[in-house]
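Numbering (the numbering used here), first residue to last: 35 to 520. Even for Gly, the Cβ is constructed at its ideal location relative to N, Cα and C. So the structure is just underneath, and the comments pick up after that.
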Ligand SMILES: Cc1ncc(COP(=O)(O)O)c(C=O)c1O
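Right, here's the structure in full:
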């Protein structure tokens, strides 16, 4: 039997997603025209050709000006922006209870919450160790206002939230203060889907909840009539590639009313004076959309949502699950000539409660770490786009490699010159742990051939010994990997 037959026998649901192969030909033909294997959907989604066409036609047909004024060009634009806003609320079943604030990206949405959340002495900020740095950054605002900070740990090796430790943390919220729990619906490091039931559980214990949905929504439905976090953040380019530069904060109206903005700007006030230094913030989302929106891009959000709806999220999810299952089992099975495993996977090795983001490191037959930056270069030479590093998620990486406080202190001892590359060097001297990895992630346009091309690349590392960290080093100035002695 050929691999494809084995695959279809093991994952019969894949056959029901055949419409995506036709879609790939029609809408994502540039991938195969260039022989490109795109495996960085968690970094950014890919756009369909028709999304860009429809957007360009709209811009070329109508006269659009800066919204929120009474001129015809402005009114036309305001209508499009408000139509996109309504489409976003509809898409997430959030109309009525939520407000949608357009932001430059998920990070922009997180910062709006971070700086305006009513942290005070007695408040607590609870973060999961698995969080993107744009969520970790909230702690700076919380600590500056006298709140306390805790991290809920992950279990190893699955990198899931430790449910018992989380329950203990949640039970310790003092009544009368505002507390915030922030966690990702899906990890951008391990692909783990964290339990959405945590939202209700935390709210019942007196917490407000921020759900980072950035890595979840490209392949999963988020129904905000069923799960009701106080805040949800996301970036649209991760869902459907185009446009970049637009994200969203979905915020429950009651939670919005509790936020206290630390400043005002053009576009966010109903009234401001220079005499007496007074201002009246606009109501609703308008009070949070600083300056001019990325208005020409916003209609592309509505186009992208329609595209995703037409393609069908369940179909995408099913395909990604089948491909991820195949990829995981094949990677686990890879062996060097001496029988030792070639790959170490971080996070779950089955598709249960996980998405299509797979993070790993490769080792030589003696168990020495291969340099993931060199592997990225080699994959690139074969037309494969993947991602390496720590993916802005230091906590998941620390848990994955069980880095100790001493390991981290040894890195910080490098002072201002500390970088991920140098930290990896320090860890190698301390016994061979890694502080970074290689990540492949699947999405809407992925197919079996993509996965096979990556697996062929991975299998090519059998008995490889010249790519260990000892044999190569990273030149910070040129940002290139150099071989010792070259
Ligand atoms: C889980 C998660 N949260 C937040 C972000 C930040 O998104 P952005 O860079 O678009 O602001 C990312 C980006 O990779 C992410 O994966």
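By the neighbour-count definition (other C-beta atoms within 10 Å, threshold 16), residue 485 is a buried residue.
Annotated as proximal: residue 194 and residue 226, with beta-carbon spacing under 7 angstroms. A straight-line Cα-Cα distance of about 16 angstroms links residue 372 and residue 378. Residue 467 carries a coil assignment under DSSP once its states are collapsed to helix, strand and coil. Distances taken from the Cβ of residue 422 to the heavy atoms of ligand 1 include none shorter than 6 angstroms. Going down the chain, each residue whose beta-carbon is closer than 5 angstroms to a heavy atom of ligand 1 shows up: 139, 140, 141, 166, 168, 218, 222, 246, 248, 249, 269. Counting along the chain, residue 242 sits inside the beta strand (DSSP E) bounded by residues 242-246. In this structure residue 302 is in contact with residue 323, their Cβ atoms being roughly 7 angstroms apart against a cut-off of 8 angstroms.
The shortest C-alpha to C-alpha distance from residue 319 to any of 472, 120, 39 is the one to 120. Pairing residue 467 with residue 435 gives a Cβ-Cβ distance under 7 angstroms. Its chain contains 404, 498, 499, 502 as the residues whose beta carbon lies nearer than 7 angstroms to that of residue 398, once the 5 sequence neighbours on both sides are disregarded; these appear in chain order. As the crow flies, the alpha-carbon of residue 424 is around 23 angstroms from that of residue 357. In this structure, the beta-carbon distance from residue 214 to residue 242 falls below 7 angstroms. Here residue 406 is near residue 470, since their CB atoms are less than 7 angstroms apart. Setting aside the 5 residues that flank it on each side, residue 125 is surrounded in the same chain by 339, each with a C-beta closer than 7 angstroms to its C-beta; the list follows chain order. Rounded to whole angstroms, residue 313 and residue 382 show a C-alpha spacing of 51 angstroms. When the Cα atoms are used, residue 489 and residue 361 turn out to be separated by approximately 8 angstroms. Of all C-beta pairs linking the stretch 92-109 to the stretch 323-336, three or more are shorter than 8 angstroms, placing the two stretches in contact.
Using a Cβ-Cβ distance cut-off of 8 angstroms, the stretch 223-240 and the stretch 332-347 are not in contact, since fewer than three pairs of beta carbons, one from each stretch, lie closer than that value. DSSP places residue 134 in the strand class (E or B) of the three-state scheme. Of the candidates 359, 311, 235, 421, 235 places its Cα closest to the Cα of residue 207.
In the DSSP assignment, residue 44 falls within the alpha helix (DSSP H) that extends over 37-44. Secondary structure at residue 263: coil, using DSSP grouped into helix, strand and coil.
With a cutoff of 7 angstroms on beta-carbon distance, residue 161 and residue 118 are scored as not near each other.
Between the C-alpha atoms of residue 173 and residue 159 there is a straight-line separation of about 7 angstroms. For residue 481, the closest alpha carbon among the candidates 257, 248, 109, 390 is that of 390. Looking at 293, 129, 477, 143, the one whose alpha-carbon comes closest to that of residue 342 is 477. Counting the other Cβ atoms within 10 Å of the Cβ of residue 494 gives fewer than 16, which makes it exposed. Counting the other Cβ atoms within 10 Å of the Cβ of residue 81 gives 16 or more, which makes it buried. Taken in chain order, the unbroken stretches of alpha helix (DSSP H) that lie wholly in the stretch 51-109 and span 4 residues or more are 53-61, 63-67, 83-95. Of the residues 139, 353, 224, 54, the one whose Cα lies closest to the Cα of residue 47 is 353. In the DSSP secondary-structure assignment, residue 376 is not bridged to any residue. Residue state for residue 184 is assigned as strand, using DSSP reduced to three classes. Judged by DSSP in its simplified three-state form, residue 351 adopts helix.
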